[in-house]
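K.L.:
Provided herewith is a single structure, encoded as structure tokens, for subsequent inquiry.
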Amino acid sequence: MRLSLAVTVLLSLACSGPATRNEPPPPEAPPTETETQAVTVGDYEVHEWGLLRGVVGADALENGAIAPPVAPMPLTVDKPVLYFHASSATRLERVGVEAVGGTIREHWPSTAPGFPTRIAWEGLSLDPARAVAPGVCASPAFPTAEQAPCNALPAGERCESPELATVRANGATCVGEAPFLFYRSRTSTFTPPLRLTRRSDEAIEVVNAGEAPIPGFVVRIEHRNGRTRTLAVRPPAPGATLVIGRDYDTADLPPMPTADDEVSDMPVEGPDQLEAGRRAVRATMTELGLTETEIDAFLAAWDATLFGDGVEDRRGVDVDVLTADRTQLDGVFAPVHAILYFLPTRTCNQVARLSFDPPPREVHRALAVWIRVD
145 MRLSLAVTVL LSLACSGPAT RNEPPPPEAP PTETETQAVT VGDYEVHEWG
195 LLRGVVGADA LENGAIAPPV APMPLTVDKP VLYFHASSAT RLERVGVEAV
245 GGTIREHWPS TAPGFPTRIA WEGLSLDPAR AVAPGVCASP AFPTAEQAPC
295 NALPAGERCE SPELATVRAN GATCVGEAPF LFYRSRTSTF TPPLRLTRRS
345 DEAIEVVNAG EAPIPGFVVR IEHRNGRTRT LAVRPPAPGA TLVIGRDYDT
395 ADLPPMPTAD DEVSDMPVEG PDQLEAGRRA VRATMTELGL TETEIDAFLA
445 AWDATLFGDG VEDRRGVDVD VLTADRTQLD GVFAPVHAIL YFLPTRTCNQ
495 VARLSFDPPP REVHRALAVW IRVD
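Note that the numbering used here numbers the sequence shown so that position 199 is 343, with each residue one more than the last.
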């Protein structure tokens, strides 16, 4: 998303009668203060990633029960992280986030208690000579589960602040002494642009009900009997419908020399079966303007959750945390089907609005949407 300022001036002239041939033209009005005021753009960029998923009830953040997006539904925006890249020393007077139709559940560094609709960080400094690296921008310390904001969350709502050390992206510009800015919000007014229906033959019908093209790829993820497989295809155009089958041996993906991801120690099926999903995520996030280290941070946060098994259940079997509520048949997990894709850049403002003073030269947003379609 690029921030710009457009100024439109409407000039209306009213005449009481026809002008004579020798009548001089009326004098031009002097420029207004708004017309002459220049907008100063900061010499920096902002990169953001996050994951949207539905919530149902108080424990929805833990077990990820997601209703089909046929109507507005509550969504949680997980781990949105703002990385900064400055080319010259810059003072940020203000960085603001507004949760559209919802509240900010937690943010870091903390600026206010409670669950406000808007938050703002003020008086931040960017120094291109200070880039995030091991031992650099290592303070202030991230909150623990016993500290704010975690101790203010309702019972059953998972707190992400203690996990923030995993999403540092080397090479980003330090924001004062912090490696990034973080917030997590919840909205009840946003409807994802893709409508999803699982047919009787287990194919998934995907309708793009939005007005903007979906970037990159749409990834189908299937967990079946303890195994995970993925398939990536190009998304349907606005107003179009696409049916995604279960032909996991073919995927509409370009050849990529970096296909062998560092995140490859998956506990189910192995990286060869999951290559389509990971490669699609990398390709889409690259298309949206994020750096390799930022994409690595996204996968470090979400790879095992989206494509594999992330936590142990009582039987000692790893269970995907987004689908931990799936029913079991005779001790075997029933199939779980999900779709993963990224929002168009201009659609991100319907989830959370960002504001900057001074505005950056560019903002790149990569907000993924995970929808369960069982």
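Using N, Cα and C, we set each Cβ at its ideal position, and we do this for glycine too. These numbers come from a predicted model, not from an experiment.
Helix, strand or coil for Ile521, going by three-state DSSP, please let me know.
P.N.:
The shown model of the chain, from 145 to 518, leaves out residue 521, and the question about it has no answer.
K.L.:
With which residues is Glu192 paired in a DSSP beta bridge?
P.N.:
The partner list for Glu192 (beta bridge, DSSP) reads Leu226, Arg509.
K.L.:
Using beta-carbon positions only, say whether Ala285 and Ser254 come within less than 8 Å of one another.
P.N.:
No, these two residues do not count as a Cβ contact at 8 Å.
K.L.:
In whole angstroms, give me the CA-to-CA distance for Ala376 and Gly360.
P.N.:
Each residue's alpha carbon lies about 10 Å from the other.
K.L.:
DSSP state of Phe500, grouped into three classes?
P.N.:
Reduced to three states, the DSSP call for Phe500 is strand.
K.L.:
Considering only DSSP beta bridges, list what Val362 is partnered with.
P.N.:
Answer is Val377, bridged to Val362.
K.L.:
If you follow the beta strand (DSSP E) that Thr341 is part of, which residue opens it and which one closes it?
P.N.:
Taken as a continuous stretch (DSSP letters only), the beta strand (DSSP E) holding Thr341 covers 338-342.
K.L.:
Could you please give me the residues that DSSP links to Glu304 through a beta bridge?
P.N.:
Note: Glu304 sits in no beta bridge, so no partner.
K.L.:
Are the CB atoms of Arg516 and Tyr188 within a distance shorter than 8 Å?
P.N.:
Not a contact, by the Cβ cut-off of 8 Å.
K.L.:
Residues in the same chain with beta-carbon distance under 6 Å from Ser499, minus the five sequence neighbours each way, listed in chain order, please.
P.N.:
Result list for Ser499: Gly240, in chain order.
K.L.:
Over the uninterrupted alpha helix (DSSP H) stretch that includes Leu247, give me the two end residues.
P.N.:
Here residue 247 is Thr; the residue named in the question, Leu, does not match the sequence. Counting along the chain, Thr247 falls outside any alpha helix (DSSP H), though it belongs to the beta strand (DSSP E) covering 246-252.
K.L.:
Check whether the region 235-249 touches the region 263-283, taking contact to mean three or more Cβ pairs, one atom from each stretch, closer than 8 Å.
P.N.:
With a cut-off of 8 Å, the region 263-283 and the region 235-249 count as touching, because enough Cβ pairs lie within range.
K.L.:
Does Tyr327 have its Cβ less than 8 Å from a Cβ in chain B?
P.N.:
Protein chain content of the structure displayed is limited to a single chain, and chain B is not contained in it.
K.L.:
Give me the residue from Gly354, Ile348, Cys281, Arg249 with the minimum Cα distance to Val480.
P.N.:
For Val480, the nearest C-alpha among the options comes from Ile348.
K.L.:
Determine whether the beta carbon atoms of Val495 and Leu511 lie at a separation below 8 Å.
P.N.:
Yes; because the gap between Cβ atoms is below 8 Å, this pair is in contact.
K.L.:
Tell me which residues share the same chain as Thr261 and place their Cβ nearer than 8 Å to its Cβ, disregarding the 5 neighbours each side in the sequence.
P.N.:
Contacts found: Glu242, Ala243, Gly246, Thr247, Ile248.
K.L.:
Report the partner residues of Trp514 according to the DSSP bridge assignment.
P.N.:
In DSSP, Trp514 forms a bridge with Arg197, Leu484.
K.L.:
Apply the 10 Å Cβ neighbour rule to Val507 and answer buried if 16 or more other Cβ atoms are within range, or exposed otherwise.
P.N.:
So Val507 ends up on the buried side.
K.L.:
Return the chain-ordered list of same chain residues with a C-beta closer than 7 Å to the C-beta of Pro382, the five sequence neighbours on each side being excluded.
P.N.:
Counting only Cβ-Cβ distances below 7 Å, and skipping sequence neighbours, we find Asn352, Gly354, Glu355, Ala356, Pro357.
K.L.:
Count the other CB atoms, across all protein chains shown, that sit within 10 Å of the CB of Glu438; report buried if there are 16 or more and exposed otherwise.
P.N.:
Label assigned to Glu438: buried.
K.L.:
Asn369 to Gly258, Cα distance in whole Å?
P.N.:
The alpha-carbon atoms of Asn369 and Gly258 are separated by roughly 42 Å.
K.L.:
Indicate the three-state DSSP secondary structure (helix, strand or coil) for Thr317 in the structure shown.
P.N.:
Correct three-state label for Thr317: strand.
K.L.:
Can the beta-carbon of His251 be found less than 8 Å from the beta-carbon of Phe334?
P.N.:
No, these two residues do not count as a Cβ contact at 8 Å.
K.L.:
Can you tell me whether Glu301 is buried or exposed? The criterion is at least 16 other CB atoms within 10 Å of its CB, across all chains shown.
P.N.:
Buried: at least 16 other Cβ atoms inside 10 Å.
K.L.:
Can the beta-carbon of Thr310 be found less than 8 Å from the beta-carbon of Leu270?
P.N.:
No, the Cβ-Cβ distance between Thr310 and Leu270 is not below 8 Å.
K.L.:
From Ser232 to Arg378, what distance separates their C-alpha atoms?
P.N.:
Their backbone Cα atoms lie some 38 Å apart in a straight line.
K.L.:
Does the distance from the C-beta atom of Leu324 to that of Val221 stay below 8 Å?
P.N.:
Rather than Leu, the amino acid found at residue 324 in this sequence is Phe. For Phe324 and Val221, no; Cβs fall outside 8 Å.
K.L.:
Compute the distance between the beta-carbons of Cys303 and Arg274, then report whether it is under 8 Å.
P.N.:
No, these two residues do not count as a Cβ contact at 8 Å.
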